[in-house]
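>
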Amino acid sequence: MIEQQLTEIRSEMPESVKLVAVSKFHPAETIRIAYNAGQRIFGESKVQELEAKQALLPEDIEWHFIGHLQTNKVKYIAPYISMIHAVDSLKLLSEINKQAQRAGRVIDCLLEIHIAREESKYGFSFNSCREMLKQGLWKNFEGIRICGVMGMATNTDNEAIIRNEFAGLYRYFGQLKNEFFADTDYFKEISMGMSHDYRIAIAEGSTMIRVGSKIFGERNY
Ligand SMILES: *Cc1c(COP(=O)(O)O)cnc(C)c1O
Numbered sequence: 073m074i075e076q077q078l079t080e081i082r083s084e085m086p087e088s089v090k091l092v093a094v095s096k097f098h099p100a101e102t103i104r105i106a107y108n109a110g111q112r113i114f115g116e117s118k119v120q121e122l123e124a125k126q127a128l129l130p131e132d133i134e135w136h137f138i139g140h141l142q143t144n145k146v147k148y149i150a151p152y153i154s155m156i157h158a159v160d161s162l163k164l165l166s167e168i169n170k171q172a173q174r175a176g177r178v179i180d181c182l183l184e185i186h187i188a189r190e191e192s193k194y195g196f197s198f199n200s201c202r203e204m205l206k207q208g209l210w211k212n213f214e215g216i217r218i219c220g221v222m223g224m225a226t227n228t229d230n231e232a233i234i235r236n237e238f239a240g241l242y243r244y245f246g247q248l249k250n251e252f253f254a255d256t257d258y259f260k261e262i263s264m265g266m267s268h269d270y271r272i273a274i275a276e277g278s279t280m281i282r283v284g285s286k287i288f289g290e291r292n293y
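Residues 73 to 293, numbered by our numbering, are exactly what the sequence shown covers, in order.
What follows is the structure, encoded as structure tokens:
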């Protein structure tokens, strides 16, 4: 089942797109099945849950933190986290920088941009993100690399809305690249697309899809 789902999803992905298998709410044994099927990138959204699983599972797993991250919890995951997808404030970026340096690491980060119609406390607006980058404080942060952007489309069956939001994030990524990251080869990721909309996301230029329920089945909250 898990193996088949992985095979199916991979067959739809261009070489350049990475698959983050979102394993939140699923136990370590379930993750191991996907690991044995060759999957190495896993996404989690709760620090405590990630901590417990990370301790049990192989070292060569690339853990991505995809949920909202509280500043006071960064220190727990800083020693091993590969990428943090949902950075939505300068304060959080600054704390990741501090804890990465303390751990002797450089942590890859994505800026979360709010593109959906739903209200959300999280994510930068296009304008607030640009303002933050213009200020330039992030240029002094040697413990992080800003590798791109992340976004979630509106939860709707209307494909035109989803497509439009993903297309907007893709364009915005290009603008930021030109304005702030023209010289940085690592600013190249657009994390967008989940179980119900990853095909649209890939068509609109996603470089990383975050797929959970399609691989692991429904989550029991
Ligand atoms: C849970 C989650 C996903 C995966 O959602 P599915 O619909 O199960 O694929 C992707 N991204 C984020 C930020 C999530 O919290």
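A virtual CB, placed ideally from N, CA and C, is assigned to each residue, including glycine.
Can you say whether Ser-192 is buried or exposed, counting buried as having 16 or more other CB atoms within 10 angstroms of its CB?
Within the sequence shown, residue 192 is the residue found at index 120, counting from 1. Classification of Ser-192: exposed, given that the 10 Å Cβ count is below 16.
> Looking at ligand 1, does it come within less than 7 Å of Gly-284, judged from the CB to the closest heavy atom?
In the sequence shown, residue 284 corresponds to position 212, counting from 1. Under cutoff, so the answer is yes.
> Whose C-alpha, out of Glu-84, Met-73 and Thr-79, is nearest the C-alpha of Tyr-270?
Reading the sequence shown from its first residue, position 198 is the one you call residue 270. When only C-alpha atoms are compared, the closest one is Glu-84.
> Identify, in the order they occur along the chain, each residue of the same chain with its Cβ nearer than 7 Å to the Cβ of Gln-77, setting aside the five sequence neighbours on each side.
Working through the sequence shown from its first residue, we reach residue 77 at position 5. These residues qualify, in order along the chain: Lys-286 and Ile-287.
> The alpha helix (DSSP H) with Gly-240 in it runs from where to where?
Locating residue 240 in the sequence shown gives position 168, counting from the first residue. Where Gly-240 is concerned, the enclosing alpha helix (DSSP H) stretches over 231-252.
> Do Gly-223 and Leu-241 have their C-beta atoms within less than 8 Å of each other?
Reading the sequence shown from its first residue, position 151 is the one you call residue 223. Reading the sequence shown from its first residue, position 169 is the one you call residue 241. The answer is yes: Cβ separation under 8 Å.
> Whose C-beta lies closer than 8 Å to the C-beta of Arg-82 among residues of the same chain, with five residues either side of it excluded?
Within the sequence shown, numbered from 1, the residue matching residue 82 stands at position 10. Leu-91.
> Can you tell me whether Leu-78 is helix, strand or coil according to DSSP?
As a working mapping, residue 78 is identified with position 6 in the sequence shown. Shown here, Leu-78 sits in a helix according to DSSP, grouped into three states.
> By alpha-carbon positions, which one of Ile-103, Arg-177, His-268 and Phe-198 ends up nearest to Phe-245?
Residue numbering aside, residue 245 sits at position 173 when the sequence shown is read from its first letter. Among Ile-103, Arg-177, His-268 and Phe-198, the Cα nearest to that of Phe-245 is on Phe-198.
> Between Arg-138 and ligand 1, is there a pair consisting of the residue's CB and a ligand heavy atom that are separated by less than 7 Å?
The residue given as residue 138 occupies position 66 in the sequence shown. A small correction: the amino acid at residue 138 is Ile; Arg does not occupy that position in the sequence shown. Yes.
> So, does the stretch 126-136 touch the stretch 160-167, judging by three or more C-beta pairs under 8 Å?
no
> Would you say Ser-267 touches ligand 1, meaning its beta carbon is less than 7 Å from a heavy atom?
On the sequence shown, residue 267 is found 195 positions in, with the first residue counted as 1. Checking the Cβ of Ser-267 against ligand 1 gives yes.
> Return helix, strand or coil for Ala-273, following the three-state DSSP convention.
Working through the sequence shown from its first residue, we reach residue 273 at position 201. Three-state result, Ala-273: helix.
> Compute every distance between the C-beta of Lys-96 and the non-hydrogen atoms of ligand 1, then say whether any falls below 7 Å.
The residue you call residue 96 lines up with position 24 of the sequence shown. Answer for Lys-96: yes, Cβ within range of ligand 1.
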